[in-house]
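Residue numbers (the working numbering), protein chains in the order written: chain P, 1 to 315; chain Z, 1 to 424.
Reviewing the structure listed below.
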Amino acid sequence: MSTVAAPALPEAAPAASTSPGLAAATKRQRRLAYGQAMPLGLVFLVFFLVPLALTLIVSFWEYNEYEIIPAFTLQNYADVFDGCLSGGDLCTTFRTYLSTLKFCLLGWAATLGIGFTVAYFVAFHVRSTAMQTVLFLICTIPFWTSNVIRMIAWIPLLGRNGLVNDTLMSLGLIRTPIEGLLYSDFSVVLAFIHLDTVFMIVPIFNSMMRIDRSLIEAATDAGATPWQTLWNVIVPLCKPGIAIGSIFVLTLIMGDFVTVGVMGGQQIASVGKVIQVQMAYLQFPAAAANAVVLLGAVMVLIAALTRLIDLRREL
Amino acid sequence: MKTPRLSRRTLLQGAGAAAGLAAGSGAITGFPAIIAAEPVTLRYLGTAVNQSGDIARKVKEDLGITIEYIPVVTDEVSKRVVTQPNSFDIVDSEYFSLKKLMPSGNLVGMDAKRIKNADKITPVFTKGEVAGKKIGDQGTAPKKVFYLEGQNSTKFAASPTEWITLIPTTYNADTLGIRPDLIKRPITSWKELLNPEFKGKASILNIPSIGIMDAAMVVEATGDYTYPDKGNMTKAEIDRTMKVLIEAKRAGQFRAFWQDFNESVNLMASGETVIQSMWSPAVTKVRSQGVACTYQPLKEGYRAWATGFGLPKTLTGKKLDAAYDFINWFLSGWAGAYLNRQGYYSAVLETAKAHMEPYEWAFWMEGKPAEKDIKAPDGTVMEKAGAVRDGGSFEQRMGAVACWNSVMDENTYMVRKWNEFIAA
Numbered sequence: 001m002s003t004v005a006a007p008a009l010p011e012a013a014p015a016a017s018t019s020p021g022l023a024a025a026t027k028r029q030r031r032l033a034y035g036q037a038m039p040l041g042l043v044f045l046v047f048f049l050v051p052l053a054l055t056l057i058v059s060f061w062e063y064n065e066y067e068i069i070p071a072f073t074l075q076n077y078a079d080v081f082d083g084c085l086s087g088g089d090l091c092t093t094f095r096t097y098l099s100t101l102k103f104c105l106l107g108w109a110a111t112l113g114i115g116f117t118v119a120y121f122v123a124f125h126v127r128s129t130a131m132q133t134v135l136f137l138i139c140t141i142p143f144w145t146s147n148v149i150r151m152i153a154w155i156p157l158l159g160r161n162g163l164v165n166d167t168l169m170s171l172g173l174i175r176t177p178i179e180g181l182l183y184s185d186f187s188v189v190l191a192f193i194h195l196d197t198v199f200m201i202v203p204i205f206n207s208m209m210r211i212d213r214s215l216i217e218a219a220t221d222a223g224a225t226p227w228q229t230l231w232n233v234i235v236p237l238c239k240p241g242i243a244i245g246s247i248f249v250l251t252l253i254m255g256d257f258v259t260v261g262v263m264g265g266q267q268i269a270s271v272g273k274v275i276q277v278q279m280a281y282l283q284f285p286a287a288a289a290n291a292v293v294l295l296g297a298v299m300v301l302i303a304a305l306t307r308l309i310d311l312r313r314e315l
Numbered sequence: 001m002k003t004p005r006l007s008r009r010t011l012l013q014g015a016g017a018a019a020g021l022a023a024g025s026g027a028i029t030g031f032p033a034i035i036a037a038e039p040v041t042l043r044y045l046g047t048a049v050n051q052s053g054d055i056a057r058k059v060k061e062d063l064g065i066t067i068e069y070i071p072v073v074t075d076e077v078s079k080r081v082v083t084q085p086n087s088f089d090i091v092d093s094e095y096f097s098l099k100k101l102m103p104s105g106n107l108v109g110m111d112a113k114r115i116k117n118a119d120k121i122t123p124v125f126t127k128g129e130v131a132g133k134k135i136g137d138q139g140t141a142p143k144k145v146f147y148l149e150g151q152n153s154t155k156f157a158a159s160p161t162e163w164i165t166l167i168p169t170t171y172n173a174d175t176l177g178i179r180p181d182l183i184k185r186p187i188t189s190w191k192e193l194l195n196p197e198f199k200g201k202a203s204i205l206n207i208p209s210i211g212i213m214d215a216a217m218v219v220e221a222t223g224d225y226t227y228p229d230k231g232n233m234t235k236a237e238i239d240r241t242m243k244v245l246i247e248a249k250r251a252g253q254f255r256a257f258w259q260d261f262n263e264s265v266n267l268m269a270s271g272e273t274v275i276q277s278m279w280s281p282a283v284t285k286v287r288s289q290g291v292a293c294t295y296q297p298l299k300e301g302y303r304a305w306a307t308g309f310g311l312p313k314t315l316t317g318k319k320l321d322a323a324y325d326f327i328n329w330f331l332s333g334w335a336g337a338y339l340n341r342q343g344y345y346s347a348v349l350e351t352a353k354a355h356m357e358p359y360e361w362a363f364w365m366e367g368k369p370a371e372k373d374i375k376a377p378d379g380t381v382m383e384k385a386g387a388v389r390d391g392g393s394f395e396q397r398m399g400a401v402a403c404w405n406s407v408m409d410e411n412t413y414m415v416r417k418w419n420e421f422i423a424a
């Protein structure tokens, strides 16, 4: 790219004093750079910034059963936080976010634990590159079927008369079926782990493969135990991978309402569900207000994560 | 106070027109009448319930009109009518949605003079009665929203006019589905839904406007409170109803909520629930899997619903004629018989009757024991000879309607409360 611009420079520059020529060259280069960034920028503008701006605008509009009215109001936000300042019982929004946050933490901790272990095994214990590739591909197999099918597959397994309960009962381990297997927090977290662990494995594995193996040798030579090597060498060097994986998993769980709905038997609150119900009743401004609040919450979460790690430097 | 409102409205109309243009249909100039000889295609927007390949095939055969189904969920029907009125040629919508559809001005009144069987449409719709007996009209009873003041009016007329909002396709009366093999005792009242005996084994549907009505039926059944109109509660009544639901939920009454047909079938067939709000075809589906399931008539009555055909304002020319032809065909019997055989009720009973065998009519409509095996439209045996339809005859069933699906005036508040219930 710069090579295209470069040949033109010497001819234009020599006669005049060097500085304006250089300035012109930089300008051209900069314009070129902007030109190159333009396609992505446009896509970003049309499919991200404009809808986002519209959502923000609509969240301040009034509405009724059949129309949205472009007049400024804060009522939608007041409705979102209705009863939140009165104390006493938790308001719907806080309760919903708390429940979502709980799933975020549980899902995040579980996928991180499993994801790190799997990635560690594939990256450090498997010797041949071919085997690594094969095992890595195996990790993606769950993605060959759709999200919803993978969720629904759990239902006959976990149900009151499902496989798990049947097996346990026939083994004589339990007398009455365990009710909490399905349509509970447990089944929701289980589904999240099933769906999202790959998003942890991939970036962590990627970070691990970049670690210079001589660093580990050096640690061993210096007398570090395997645990010390893991904690003091590998984990810090995997931080970007962990951070990226965490962002994936957290944002996925934050906005999810299908999994919570299907696995939670539709009776566990999630922010996405609230928005969906409002959309269904043509309450677009209220849904927009909720979406803006959700966006804010996700951004706070990500800001906190990037506080821990300077992603750009690490990459 | 008045001026800003007016300007807002004009602004919205402008936005609406712009949206129409953007959709690429000349919302402003109207469609030019297409006189070309090519066959007409009607884009039919509605829920999957009334959309069947058999009907489309038969229409093609009889009228040469191609029906292109756009199957969406109930909420999506309303959303499309309000936001994209140019994306369909005929809509099959629920009557209760009309309160939010008509004010949008996107649907027009249908000319009763062009509907051959208009005066034969069952009085359930036109007068709110069956066999001369008044039926419950709480909620959005079709008779309240059946007529418009004028073709382009957005106001419902109190007395019959020439302009009909929706021409009925199907309607029915819903109740609770139960698993008699697991409950092992007779169920006669709505209050059993929240009976602690079925703790962790009950379910209601997670569609706020319908779920709250089922809850209201329970509240009335317990004798706790009698609503002036279950289909149009005040804020205080919504609070009261939701409190009952929230208490039941916190006590672990519900196993799960369901939102679509298949979820309700799975819950019931797998034995996760033994009592729940249900739709009639879902009960049939459970039974067809070999699992005992009853659509239980209850002494407090039924919650009814009805759907019908509406026409978008933008429809003109050949397509408009085709739409009227299709609707006339729909009321002429074949389709009505087809729907009656699935357990729904059709709008014009006498034409449907002419297309059904006497034993079929006796089973489906008169509540008599089946003389022969009752077959589904695809030929499979639905009920063995001797079976009796749940809820008895058409008159017994529609006559026992307590309320209709509705949109409340306090809809926004109700939806907020419902979200609170889910979060409880």
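Beta carbons are placed, not taken as given, at the ideal position from N, Cα and C, and that holds for glycine.
Note that the structure is a prediction, hence the values are computed from the model and not measured.
For Tyr171 (chain Z), the uninterrupted beta strand (DSSP E) run begins and ends at 167-174, by DSSP. Around the beta carbon of Asn161 (chain P), a 10 Å sphere encloses fewer than 16 other beta carbons of the protein chains shown; the residue is thus reported as exposed. When C-alpha distances from Lys375 (chain Z) are compared across Z:Ala202, Z:Asp390, Z:Met356, the shortest belongs to Z:Met356.
Annotation for Lys372 (chain Z): Tyr359, Ala385 place their beta carbon closer than 8 Å to its own, counting only its chain and skipping 5 residues before and after.
Taking the CA atoms as reference points, Met365 (chain Z) sits about 12 Å from Leu339 (chain Z). For Thr412 (chain Z), the residues of chain P that pass the 7 Å Cβ criterion are Gln283, in the order they occur in the chain. Note that the C-beta distance between Ser189 (chain Z) and Glu68 (chain Z) is not below 8 Å. Neighbours of Gln266 (chain P) in chain Z, taken as residues whose beta carbon is under 7 Å from its own, are Asn206, Ala256, Phe257, Trp258, Gln259 in chain order. Ser99 (chain P) and Leu311 (chain Z) have their alpha carbons spaced roughly 44 Å apart. Taking Ala123 (chain P) as reference, the option from P:Leu157, P:Val189, P:Pro203 with the minimal CA-CA separation is P:Pro203. Using a 10 angstroms sphere on the CB of Asn86 (chain Z), the tally of other CB atoms reaches 16 or more, which defines it as buried. With 16 or more other Cβ atoms inside 10 Å of its own Cβ, Tyr44 (chain Z) counts as buried.
Sequence-ordered contacts of the segment 70-84 of chain P with chain Z read Pro70, Ala71, Asp79, Asp82 [C-beta pairs closer than 8 Å]. In the DSSP annotation of this structure, the continuous segment of the alpha helix (DSSP H) that includes Pro123 (chain Z) starts and ends at 123-126. Residues of the segment 130-160 of chain P that bring their beta carbon within less than 8 Å of a beta carbon in chain Z comprise Ile155, Pro156, Gly159, Arg160, in sequence order. Considered as a whole, the segment 45-76 of chain Z harbours 66-71 as its complete beta strand (DSSP E) runs of no fewer than 3 residues, in chain order. For Lys273 (chain P), the closest Cβ of chain Z is nearer than 8 Å.
For Ala112 (chain Z), same chain residues with a beta-carbon under 6 Å away, outside a window of 5 residues either side, are Ala118, Glu162, Ile164 in chain order. Here Met131 (chain P) is exposed, its C-beta having fewer than 16 other C-beta atoms within 10 Å. Around Leu237 (chain P), the same chain offers Ile211 as residues with beta carbons nearer than 6 Å, after the five sequence neighbours per side are excluded. Put simply, the CB of Ile422 (chain Z) is near chain P, with a gap under 8 Å to one of its CB atoms. Taken through DSSP and simplified to helix, strand or coil, Lys372 (chain Z) comes out as coil. Within chain P, Glu65, Tyr66, Glu67 have C-beta atoms less than 8 Å from the C-beta of Pro103 (chain Z), given in sequence order. Inside the segment 84-114 of chain Z, DSSP marks whole beta strand (DSSP E) runs of 3 or more residues at positions 90-94, from first to last along the chain.
Assigned with DSSP and collapsed to three states, Ser189 (chain Z) falls in coil, not helix or strand. In the structure shown, Tyr66 (chain P) falls within a coil segment according to DSSP collapsed to helix, strand and coil.
Within 8 Å of the CB of Val188 (chain P), no CB atom of chain Z is found; the nearest one sits about 12 Å away. Note that the C-beta distance between Pro297 (chain Z) and Thr175 (chain Z) is below 8 Å. In chain P, no part has a C-beta under 9 Å from the C-beta of Trp404 (chain Z); the shortest such distance is about 17 Å. Assigned with DSSP and collapsed to three states, Leu205 (chain Z) falls in strand.
Glu179, Tyr183: these are the residues of the segment 169-183 of chain P whose beta carbon lies less than 7 Å from some beta carbon of chain Z, given in chain order. Relative to Pro142 (chain P), the option among P:Ile178, P:Gly113, P:Ile193, P:Pro156 whose CA is nearest is P:Ile193. Taking C-beta separations shorter than 8 Å and ignoring five residues to either side along the sequence, the partners of Ser78 (chain Z) in its chain run Ser93, Ser97, Lys100, Leu101, following chain order. Rounded to whole angstroms, the Cβ separation of Gln276 (chain Z) and Ser264 (chain Z) is 7 Å, and the two are in contact under 8 Å. The alpha helix (DSSP H) runs of length 4 or more contained entirely in the segment 128-181 of chain P are, from start to end of the chain, 129-139, 147-152, 155-158, 163-170. Pairing Ala269 (chain P) with Gln278 (chain P) gives a Cβ-Cβ distance that is not under 8 Å.
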